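Residue numbers (this note's numbering), protein chains in the order written: chain A, -6 to 218; chain B, 2 to 263. Glycine included, each C-beta is placed from N, C-alpha and C at the ideal position. Since we're looking at a predicted model, the values are computed, not measured. Following: one structure in structure tokens, then a few remarks.
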Amino acid sequence: MTVAYAFQWSVLRPAIGELWHGLRITLELSAASLVLALTLGLVVALLRMSSLRVVRAAAYVYIQVFRALSLYIYVLWIYFGIAGAVGINLSPLTAGVVALTVLNSAYMAEIYRSALGAVDPGQHEAAASLGFGRVRAFATVISPQAIRIAVPSLVNQFVDIVKDSSIIAIIGTSDLFGVTNRLVSYYRAPFELYTLVAFFYLSVVLVISALATFLERRLQRHLLL
Amino acid sequence: MTDSIIEARGLNKWFHRGHANEHHALRDVDLTVQKGEVLVVIGPSGSGKSTLLRCLNFLAPPETGSVTFLGLTLTRENLPRFDVSARLAYEKRLRHFRTQMGMVFQHFNLFPHMTALDNVAAAPVRVLGMSRSDARARAVEELERVGIADKAKSYPSQLSGGQKQRVAIARALAMQPQLMLFDEATSALDPELIGGVLEEMKKLAEGGMTMIVVTHEMGFAREVGDRLIFMDGGHIIEQGAARDVLADPQKERTREFLRAIL
């Protein structure tokens, strides 16, 4: 038996204003998570390469733990679990940003680490032979090269953040996907709305990829010839 | 000439590649270089030539022995492990030590994200604390000295091997070192580019620079070298005046090596 699905594309017109608003929140929370994860990830990566075994081990555990489980679990654990147990009341949006940040900082730590490891050892030697100390060598010689190596992977990670941010709608945020879910139950037009929102996410990802290509070209223009 | 600039005593260096595979790269090496002298180091690959240079500037600290350079003695043992302020003081001395000892590498090791000019000016600014404009003026001077001031704005990827190595020499010279270490500086170059770089090294030697040159260029060794060391298996097998050793080696192992490469 088949039930005819009544397409009602007309609902998209009243819905679109709210979707724009949701998109803004998605972009804001993704950007916030990106900046925080980039920073925290760098700290974890540096700790991971510490000369102290205990510090290295702690960073290793951090990375393994936060890469082990899905974002879905962390969002619920932070928003309901921690909030209930410790009595911290995070807003859904804050809880979402925290979950995205810790999870992605673990991935970014590994991206940084492999990029730093990919810089030619001869660069360390050259800097040291000129009298650079470790910190100055890192700032002047090593990190600018590592960043160029890391950019493509970091951009992929940002794309993942934007896509995964839809998961935090589960705790009732007003991000793009949260708004869509509410509109779907109001208008009862899941096909139309989910299709439209798919185009929203797709557009954002394509714009990020285009910016990334531009950024990579700029960073490497003197390496290509 | 009794004015020694660098003295190494009892250097031993092991490389560990897992438990069972330990490589004794440098065995009880003693070395003295006089001010203004050009010491040439030759030997088969894996004989410890490069390791010797890396021990002298502590890029690869020797497990035993000491290096005395400009009145400062470094050993591995006097590296403070737990006292943080003593450790920082040690590292400061080591950095100063290295600023006075320029090194030129086989694979250039230029900083790929900087122009030729910035490659040369970077350490004077970041390490010596010179102003940017003074450092750039000095960098231009050094690039002129090695004949590539016209490439100042080029990135390493835009330069030929010979030009890269000249920039690397200028980069080391910009620190105004007392001693220059050359680690097979022409081994990675196209044959037709080798002569130009050797010419720069020769000019430097004639200008009175003290140099330790690891090389396979026997013509250069004979012409520019004052003294020569032949190494094999981490040992110094034979040493003497460069022309004498090359013309009339005393040890069978040296003869064998020279026969094979000439």
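Cβ of serine 43/A less than 9 angstroms from any chain B Cβ? For the purposes of this step, residue 43/A is taken as residue 50 along the first sequence, with counting starting at 1. No - not a single Cβ of chain B is within 9 angstroms of the one on serine 43/A.
Given a cut-off of 9 angstroms on the beta-carbon distance, is the pair valine 158/A and serine 43/A in contact? For the purposes of this step, residue 158/A is taken as the residue at position 165 of the first sequence. For the purposes of this step, residue 43/A is taken as the residue at position 50 of the first sequence. It should be noted that the sequence gives serine, not valine, for residue 158/A. In this structure, serine 43/A does not lie closer than 9 angstroms to serine 158/A by Cβ.
Of all the residues that make up the region 104 to 122 of chain A, which are near chain B by a beta-carbon distance shorter than 7 angstroms? Gly115, Gln116, Glu118, Ala119, Ala121 and Ser122
Since phenylalanine 125/A meets chain B, which of its residues come closer than 8 angstroms, beta carbon to beta carbon? As a working mapping, residue 125/A is identified with position 132 in the first sequence. Here the neighbours are Arg96, Ala124, Arg127 and Val128.
Amino acids of chain A, ordered along the chain, whose beta-carbon sits closer than 8 angstroms to that of leucine 60/B: Counted from its first residue, the second sequence places residue 60/B at position 59. Chain A residues near leucine 60/B: Glu118, Ala121 and Ser122.
Can you tell me whether glycine 103/B is buried or exposed, with buried defined as 16 or more other CB within 10 angstroms of its CB? Taking the first residue of the second sequence as position 1, residue 103/B is located at position 102. Buried is the call here.
Counting only beta-carbon atoms, is methionine 2/B nearer than 9 angstroms to chain A? The sequence position of residue 2/B within the second sequence is 1, counting from 1. Here methionine 2/B scores only 47 on pLDDT, less than 50, and its place in the model should not be relied on; the value that follows carries that caveat. Not one chain A Cβ lies under 9 angstroms of methionine 2/B.
Any Cβ of chain B within less than 9 angstroms of the Cβ of proline 223/A? Past the boundaries of the shown model lies residue 223/A; chain A is included only from -6 to 218, so the question cannot be answered.
For a cutoff of 9 angstroms on Cβ pairs, would you count arginine 129/A as touching chain B? Here residue 129/A refers to the residue found at position 136 of the first sequence. Answer yes: the Cβ-Cβ gap between arginine 129/A and chain B drops below 9 angstroms somewhere.
Suppose the cutoff is 7 angstroms on Cβ atoms and the five residues either side in sequence are ignored; what does the same chain contact list for alanine 191/A look like? What you label residue 191/A is simply residue 198 of the first sequence in a count that begins at 1. Result list for alanine 191/A: empty, nothing under 7 angstroms.
Residue-level contact to chain A via CB, proline 113/B, 9 angstroms cutoff: Locating residue 113/B in the second sequence gives position 112, counting from the first residue. Interface residue, yes.
Does chain A have any CB closer than 9 angstroms to the CB of asparagine 13/B? Within the second sequence, residue 13/B is the residue found at index 12, counting from 1. Taking Cβ atoms only, chain A never reaches closer than 9 angstroms to asparagine 13/B, which makes this a no.
Residues of chain B with CB closer than 7 angstroms to the CB of glutamine 133/A, please, in chain order. If you number the first sequence from 1, residue 133/A lands on position 140. The question names glutamine, yet the displayed sequence has threonine at residue 133/A. Within chain B, the residues near threonine 133/A are Ala123 and Arg127.
Kindly indicate the opening and closing residues of the alpha helix (DSSP H) around valine 177/A. Position 184 of the first sequence, counting from 1, holds the residue named residue 177/A. It spans 169 to 180 - the alpha helix (DSSP H) in which valine 177/A sits, taken as one unbroken run.
As assigned by DSSP and simplified to three states, the class of glycine 234/B: The residue you call residue 234/B lines up with position 233 of the second sequence. Reduced to three states, the DSSP call for glycine 234/B is coil.
Within chain A, the residues that arginine 99/B reaches when beta carbons sit closer than 9 angstroms: Here residue 99/B is taken as the residue at index 98 of the second sequence, counted from 1. Residues of chain A passing the Cβ test: Ala121, Ser122, Leu123, Gly124 and Phe125.
Assign leucine 217/A to buried or exposed, taking buried as 16 or more other Cβ atoms, counted over all protein chains shown, within 10 Å of its Cβ. On the first sequence, position 224 is the one that residue 217/A refers to. Interpretation of leucine 217/A is limited by its pLDDT of 49, a score under 50 that renders its predicted location unreliable; no figure is taken from the coordinates.
Quick check on alanine 173/B - is its C-beta less than 9 angstroms from some C-beta in chain A? Within the second sequence, residue 173/B is the residue found at index 172, counting from 1. Answer yes: the Cβ-Cβ gap between alanine 173/B and chain A drops below 9 angstroms somewhere.
Mind checking which residues open and close the beta strand (DSSP E) that includes isoleucine 164/A? Looking up residue 164/A in the first sequence gives position 171. From DSSP, isoleucine 164/A is part of no beta strand (DSSP E); its letter is neither H nor E.
Please classify alanine 261/B: is it buried, with 16 or more other beta-carbons within 10 angstroms of its beta-carbon, or exposed? As a position in the second sequence, residue 261/B is number 260, starting the count at 1. The residue is exposed, with fewer than 16 neighbouring Cβ atoms inside 10 Å.
Go ahead and label methionine 2/B buried or exposed: buried means 16 or more other beta carbons lie within 10 angstroms of its beta carbon, across all protein chains shown. Position 1 of the second sequence holds residue 2/B. Confidence at methionine 2/B is low in this model, with a pLDDT of 47, below 50, so the placement of that residue should be treated as unreliable; the coordinate-derived value is given next. Classification for methionine 2/B: exposed.
Nearest-angstrom beta carbon gap, threonine 216/B and valine 41/B [assumed within contact, 8 angstroms]: On the second sequence, position 40 is the one that residue 41/B refers to. On the second sequence, position 215 is the one that residue 216/B refers to. The pair is a contact, with the Cβ atoms about 6 angstroms apart (cut-off 8 angstroms).
Would you kindly check if the distance between the Cβ of threonine 211/B and the Cβ of leucine 190/B is under 9 angstroms? The residue you call residue 190/B lines up with position 189 of the second sequence. The residue you call residue 211/B lines up with position 210 of the second sequence. It is not a contact, given that the beta carbons lie outside the stated cut-off.
Measure the Cβ-Cβ separation of leucine 263/B and alanine 242/B and say whether it is below 9 angstroms. Your numbering for residue 263/B matches position 262 in the second sequence. Your numbering for residue 242/B matches position 241 in the second sequence. Not a contact, by the Cβ cut-off of 9 angstroms.
Can you grab the Cα-Cα spacing for the pair isoleucine 164/A / alanine 205/A, in whole Å? As a working mapping, residue 164/A is identified with position 171 in the first sequence. As a working mapping, residue 205/A is identified with position 212 in the first sequence. Cα to Cα, the separation comes out at about 31 angstroms.
Would a check of beta-carbon distances place glutamate 92/B closer than 9 angstroms to chain A? One-based indexing of the second sequence puts residue 92/B at position 91. Cβ-Cβ to chain A under 9 angstroms: yes for glutamate 92/B.
Under the three-state DSSP convention, the category threonine 85/B falls into: The residue you call residue 85/B lines up with position 84 of the second sequence. In the sequence as presented, threonine is not what sits at residue 85/B; that position holds valine. Helix at valine 85/B.
Rounded to whole angstroms, what's the CA-CA distance from tyrosine 180/A to isoleucine 75/A? Just pull it up for me. The sequence position of residue 180/A within the first sequence is 187, counting from 1. The sequence position of residue 75/A within the first sequence is 82, counting from 1. Rounded to whole angstroms, tyrosine 180/A to isoleucine 75/A spans 35 angstroms at the Cα level.
Element boundaries [beta strand (DSSP E), containing asparagine 97/A]: On the first sequence, position 104 is the one that residue 97/A refers to. Looking at the DSSP string, asparagine 97/A is not in any beta strand (DSSP E); the run it does join, the alpha helix (DSSP H), is 85 to 111.
Below-9 angstroms beta-carbon distance, histidine 24/B vs any chain A residue: The residue you call residue 24/B lines up with position 23 of the second sequence. No, histidine 24/B does not count as interfacial toward chain A.
Classify lysine 93/B as buried or exposed, calling it buried when 16 or more other Cβ atoms lie within 10 Å of its own Cβ. In the second sequence, counting from the first residue as 1, residue 93/B sits at position 92. That one is exposed.
Have a look at leucine 93/A and alanine 25/A and give me their C-alpha separation to the nearest angstrom. Position 100 of the first sequence, counted from the start, is the residue given in the question as residue 93/A. Position 32 of the first sequence, counted from the start, is the residue given in the question as residue 25/A. Near 9 angstroms, if we compare the C-alpha coordinates of alanine 25/A and leucine 93/A.
With a CB to CB cut of under 8 angstroms and the five nearest residues on each side skipped, what residues in its chain are close to leucine 147/A? Working through the first sequence from its first residue, we reach residue 147/A at position 154. Cβ within range, chain order: Leu31, Met101 and Ile104.
Tell me the rounded alpha-carbon separation between arginine 96/B and alanine 121/A. The residue you call residue 96/B lines up with position 95 of the second sequence. The residue you call residue 121/A lines up with position 128 of the first sequence. The alpha-carbon atoms of arginine 96/B and alanine 121/A are separated by roughly 8 angstroms.
Extract the residue ranges of the alpha helix (DSSP H) inside the region 95 to 148 of chain B, only unbroken runs of 4 or more that lie entirely within it. 117 to 127 and 133 to 146
Using a Cβ-Cβ cut-off of 9 angstroms, state whether arginine 49/A counts as contacting chain B. The sequence position of residue 49/A within the first sequence is 56, counting from 1. No, its Cβ sits nowhere closer than 9 angstroms to a Cβ of chain B.
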